[in-house]
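Below is one structure, written out as structure tokens; comments come after it.
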Amino acid sequence: MHGEYKVPGGKLVVVDVQVEGDRLAAPVVSGDFFLEPDEALEVITGSLVGQPADASVVVLAQAVTDALDAATARGQVAAPVTMVGFDARAVAMAVHRALGLSTTWDDHEFEVLHPGPLSPAMHVALDQVLTEELGEGLRGPTLRFWEWTEPATVIGSFQSLRNEVDVDAAQRLGVTVVRRISGGGAMFMEGGNCVTFSLVVPASLVDGMSFEESYGFLNAWVVDALADVGVTAFTTGINDIASPTGKLAGSAQKRLATGAVLHHVTMAYDIDADKMMQVLRIGREKVSDKGIRSANKRVDPVRSQTQLPRPEVVAMLKAHFEGRFRTRLSDLTPHELTRADALVTTKFSSPTWTARVP
0 MHGEYKVPGG KLVVVDVQVE GDRLAAPVVS GDFFLEPDEA LEVITGSLVG QPADASVVVL
60 AQAVTDALDA ATARGQVAAP VTMVGFDARA VAMAVHRALG LSTTWDDHEF EVLHPGPLSP
120 AMHVALDQVL TEELGEGLRG PTLRFWEWTE PATVIGSFQS LRNEVDVDAA QRLGVTVVRR
180 ISGGGAMFME GGNCVTFSLV VPASLVDGMS FEESYGFLNA WVVDALADVG VTAFTTGIND
240 IASPTGKLAG SAQKRLATGA VLHHVTMAYD IDADKMMQVL RIGREKVSDK GIRSANKRVD
300 PVRSQTQLPR PEVVAMLKAH FEGRFRTRLS DLTPHELTRA DALVTTKFSS PTWTARVP
């Protein structure tokens, strides 16, 4: 079995390996990396022999590190061992790629969905349904763009309702409040004034990554898409996308035990800051991070920086994704809509769920 892993900003690591029983055998490690002394390559290769075929990236990386430390301690190789352009984790990732435990974007075909306007509760229900269906093998990886029928505040799974939302103000202003299954912060959304999408992928795509690393990895194509229209963007913090002038977007994730990952992103296109501040209980410091422009009291980083109408921003994101990865246009199935409708009734429109953290 053959696996390759390109270290971001570094070199290519290649592993060819066999499996005998449930153990790794006959590994060969190669690549365009730099390694001193030469004898260290034999130690790295030998450290993989006999490792469990289902060992995690962390376990395999530690085996490589321990073997190198032991070899230098007993004088088998001269110290220090210098690894340039790769590390023990990169070797472990290449092994996982060889074994099919870790996948790349090119290993998947993504279904692209862009249904018409739906209620906020329906959107968060679809997030759960599509993620569960990927884990159940009923649907492949999916990118879904949101359109919605009414203003909404979507709070994170673990946020306190009363600490985040002025419920009376939300009712007065006609803003629906729903709780999603992923963590993260509250999102204030108005129809036509946000750009939101959900990406459902197998856990193998982010295999071996920390949560922080997976956010940057899954948001990389968004950063590049923004560059297509002249916006200098970068990932920052744990889960945000920003530009030199401030925050552009936030993202959140939910991982299921079935091996499915939900990752979604919301960009503020042109939001009414006055309304947002009435509904959300957020301090000035957090508001400043959302790019409010005092002159017209709008949160408009995407509109002001792209100079594009919102439909063109969505089309640009979609075109970049379709040009970069293998995709096909798709639709929600009647079964998925029925399943989501049931969740809207039993969960996402229920005060029990919405106020599960009061």
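Residue numbers (the numbering used here): 0 to 357. The beta-carbon is built from N, C-alpha and C at its ideal position, and this holds for glycine as well. Everything numeric in this text was worked out from a predicted model, so none of it was measured.
What would DSSP say about residue i, mapped onto helix, strand or coil?
i, result
"PRO310", "helix"
"THR244", "coil"
"GLY155", "coil"
"ILE270", "strand"
"HIS107", "coil"
"GLU41", "helix"
"ARG171", "helix"
"SER367", "This structure cannot settle anything about residue 367, because the visible part of the chain is limited to 0 through 357."
"ASP340", "helix"
"THR265", "strand"
"GLU131", "helix"
"LYS10", "coil"
Excluding the 5 residues flanking residue i on each side, which residues of the same chain have their C-beta closer than 7 Å to its C-beta?
i, result
"LEU225", "ALA232"
"ALA93", "GLY2, GLU3, TYR4, VAL12, VAL13, VAL14"
"PHE187", "THR152, ILE270, MET275, VAL278, LEU279"
"ALA52", "VAL18, ASP21, ARG22, LEU23, LEU98"
Tell me which same chain residues have a C-beta within less than 6 Å of the C-beta of residue i, skipping the five on either side of it?
i, result
"VAL83", "PHE33"
Rounded to whole angstroms, what is the Cα-Cα separation between residue i and residue j?
i, j, result
"THR265", "GLY99", "32 Å"
"VAL153", "ALA241", "21 Å"
"VAL313", "ASN192", "12 Å"
"GLU135", "THR257", "7 Å"
"SER197", "GLY8", "27 Å"
"GLN158", "THR130", "21 Å"
"LEU133", "ARG327", "16 Å"
"ALA168", "THR102", "46 Å"
"GLN17", "THR332", "41 Å"
"PHE216", "ARG338", "30 Å"
"LEU160", "PRO357", "5 Å"
"GLN61", "ASP206", "16 Å"
"MET208", "VAL56", "9 Å"
Give me the residue from the options with the minimum Cα distance to residue i.
i, options, result
"VAL42", "PRO36, ALA66, GLU35, VAL57", "ALA66"
"ARG171", "ALA151, THR351, ALA120, SER156", "ALA151"
"GLU38", "ALA70, ALA62, GLY30, ALA52", "ALA70"
"PHE109", "LEU40, GLU132, VAL199", "VAL199"
"LEU247", "THR235, VAL28, ARG254", "THR235"
"ALA267", "THR351, LEU261, GLY245, LYS253", "GLY245"
"GLY30", "GLU211, GLN75, ARG323, VAL90", "VAL90"
"ALA185", "THR353, GLY207, LEU316", "THR353"
"HIS113", "THR195, GLY74, LEU47", "THR195"
Here's a check: name, in chain order, each residue in its chain whose Cβ is nearer than 8 Å to the Cβ of residue i, leaving out the five neighbours to either side.
i, result
"ASP165", "GLN277, VAL278, LEU279, ARG280"
"LEU342", "ALA124, GLN127, VAL128"
Is there at least one non-hydrogen atom of the ligand FAD closer than 8 Å to the beta-carbon of residue i?
i, result
"GLY8", "No copy of the ligand FAD appears in this structure; indeed no ligand is present at all."
What distance in whole Å lies between the Cβ atoms of residue j and residue i, which are believed to be in contact at a cut-off of 8 Å?
i, j, result
"ALA251", "GLY182", "6 Å"
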